[in-house]
Amino acid sequence: MSDRKIKWGIMGPGNISRKFASDLVQSENAELVAVASRTEGKAAAFASEFNIPKSYNSYDEFVQDPELEIVYIGTLHPQHKECVLQCLNAGKAVLCEKPFTMNAEEAEELIKVARENNTFLMEAMWTRYLPAVVKAMNWIKEGKIGEVNMLTSNFGFNVGWAPNSRLLDKKLGGGAMLDAGIYPISFASLIFGTQPTNIKSSAQIGETGVDEWFSALFEYGNGKTAMLNAGVRLNLSNDAFIYGTEGYIHLPNFLFGEGAYLHRPGSDVEAFKDDRELNGYIYEAEEAMKCLREGKIESSIMPLDETYDIMETMDTLRKQWGLEY
1 MSDRKIKWGI MGPGNISRKF ASDLVQSENA ELVAVASRTE GKAAAFASEF NIPKSYNSYD
61 EFVQDPELEI VYIGTLHPQH KECVLQCLNA GKAVLCEKPF TMNAEEAEEL IKVARENNTF
121 LMEAMWTRYL PAVVKAMNWI KEGKIGEVNM LTSNFGFNVG WAPNSRLLDK KLGGGAMLDA
181 GIYPISFASL IFGTQPTNIK SSAQIGETGV DEWFSALFEY GNGKTAMLNA GVRLNLSNDA
241 FIYGTEGYIH LPNFLFGEGA YLHRPGSDVE AFKDDRELNG YIYEAEEAMK CLREGKIESS
301 IMPLDETYDI METMDTLRKQ WGLEY
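Residue 71 in UniProt numbering sits at position 71 of the sequence shown, and the numbers go up by one each step.
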């Protein structure tokens with residue numbers, strides 16, 4: 001049945017899961033049937049908020065729920081590997097929030113298990129599926145800006161000095177790279193279709209031992225470059241510019257997909273504005289459900305090999321900074 005409802009569960013009912021759930025419950029193609037948290041009462045409160053029939057205080061019980069087809073994982077970064085493994089070993093498909101894992105070694109292990117178990121697994125890089133980003137990619141494929149040679153992309157915000165917060169706590173996977181930097185890094189991978197052949201970077205390592213902000217220059221050969229900046233203690237412009245031989249594309253607030261603007265010499269600016277009412281997490285969910293209905297175990301839009309390659313690139317950056325988790 002091509003349009004059957006896919007039954008979802010959520011593991012880790014935090015802020016990101018709340019945004020995801022608020023989109024998912026609006027979908028005619030999805031049914032949110034269960035939520036799990038190790039914190040007493042948290043799953044029940046989340047279930048009440050979104051009218052979810054079942055809540056669990058145990059991940060072990062949750063993954064054994066026979067109704068569940070796919071699980072969205074929105075737990076803390078260091079918990080992703082354990083949670084994904086629990087789901088895969090129980091035969092549940094997984095959409096795992098970014099960053100997929102803490103490093104490439106963990107990513108490799110999860111990908112291996114998913115393929116051995118013939119079970120769907122995908123990184124939840126929601127930006128890739130947003131209409132404005134899809135529009136920009138179509139412009140590029142249509143040759144509207146010629147050959148792409150340069151990208152600039154930023155994402156940064158200032159959390160303030162909160163050493164015990166998740167964003168600055170090393171034990172919780174804090175720092176600019178895993179929370180903010182992954183967006184421009186993954187975006188560069190999307191635009192150029194490969195990882196850089198050379199990386200030059202600089203980071204500010206703060207008092208808590210994590211990267212508070214960083215800049216990176218990615219070189220791809222033949223003069224192609226990406227200049228990427230990210231931070232959790234600096235407010236950045238959060239825009240992306242894709243420069244080609246015949247024009248450029250501007251994506252304001254690119255990771256939220258607010259719009260896309262095509263600039264070509266001698267032509268009026270072509271504008272695409274996204275006036276969606278939902279957060280935008282629904283698009284990655286729809287892709288995952290499409291894959292499940294078609295019997296696929298990974299997405300061609302966010303392939304597992306690319307997820308692994310991006311984690312390797314991030315490992316390289318951290319190695320340059322002497323940062324290990």
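The beta carbon of each residue, even a glycine, is placed where N, CA and C say it ideally should be.
With a 10 Å radius around the Cβ and a threshold of 16 neighbouring Cβ atoms, LYS98 comes out buried. Nearest to GLU294 by alpha-carbon distance, out of PHE120, GLY143 and ALA240, is PHE120.
ARG233 places its beta carbon less than 7 Å from that of GLU212. Taking 7 Å as the cut-off, the Cβ atoms of ASN253 and LYS19 do not count as close. Counting C-beta atoms within 10 angstroms of its own C-beta, PRO184 has 16 or more neighbours from the protein chains shown and is therefore classed as buried. By the Cβ criterion, the region 58-71 is in contact with the region 10-27, since at least three pairs of Cβ atoms, one from each stretch, lie closer than 8 Å.
By the 16-neighbour rule on beta-carbons within 10 angstroms, GLY41 is exposed. In the three-state DSSP reduction, GLY181 falls in the helix class (H, G or I). Shown here, ARG38 sits in coil according to DSSP, grouped into three states, outside any helix or strand. The beta carbons of ASP23 and ALA288 sit about 13 Å from each other, so the pair does not count as a contact at 8 Å. In terms of Cα proximity to SER299, the closest of MET125, MET314, ASN198 and TRP321 is MET125.
Taking the Cα positions, ALA136 is about 13 Å away from VAL269.
Per DSSP, the continuous alpha helix (DSSP H) segment holding ILE310 begins and ends at 304-321.
In the three-state reduction of the DSSP assignment, ASN89 falls in the helix class. Judged by DSSP secondary structure, ASP211 falls within the beta strand (DSSP E) whose first and last residues are 211-219. THR197 carries a coil assignment under DSSP once its states are collapsed to helix, strand and coil. Assignment of LYS273 by DSSP, reduced to helix, strand and coil, places it in the strand class.
Only residues of its own chain outside the window of five on either side were considered, and among them ASN149 have a CB closer than 7 Å to the CB of GLY223, listed in chain order.
With respect to the 7 Å criterion, ALA47 and SER58 are not classified as neighbours on the basis of their beta carbons.
Residue pairing from DSSP places ALA230 in a beta bridge opposite PHE155 and PHE214. Judged by beta-carbon spacing, PHE157 lies within the 7 Å limit of ASN235, meaning their Cβ atoms are closer than that value. With a threshold of 16 other beta carbon atoms within 10 Å, ASP179 meets it and is buried. Separation of ASN89 and SER189 (C-alpha to C-alpha, rounded to the nearest whole angstrom) is 30 Å. Between ALA107 and TYR308, the CB-CB gap stays under 7 Å. Contact between ALA203 and PHE214 holds, with the beta-carbon distance rounding to 4 Å and staying under 8 Å.
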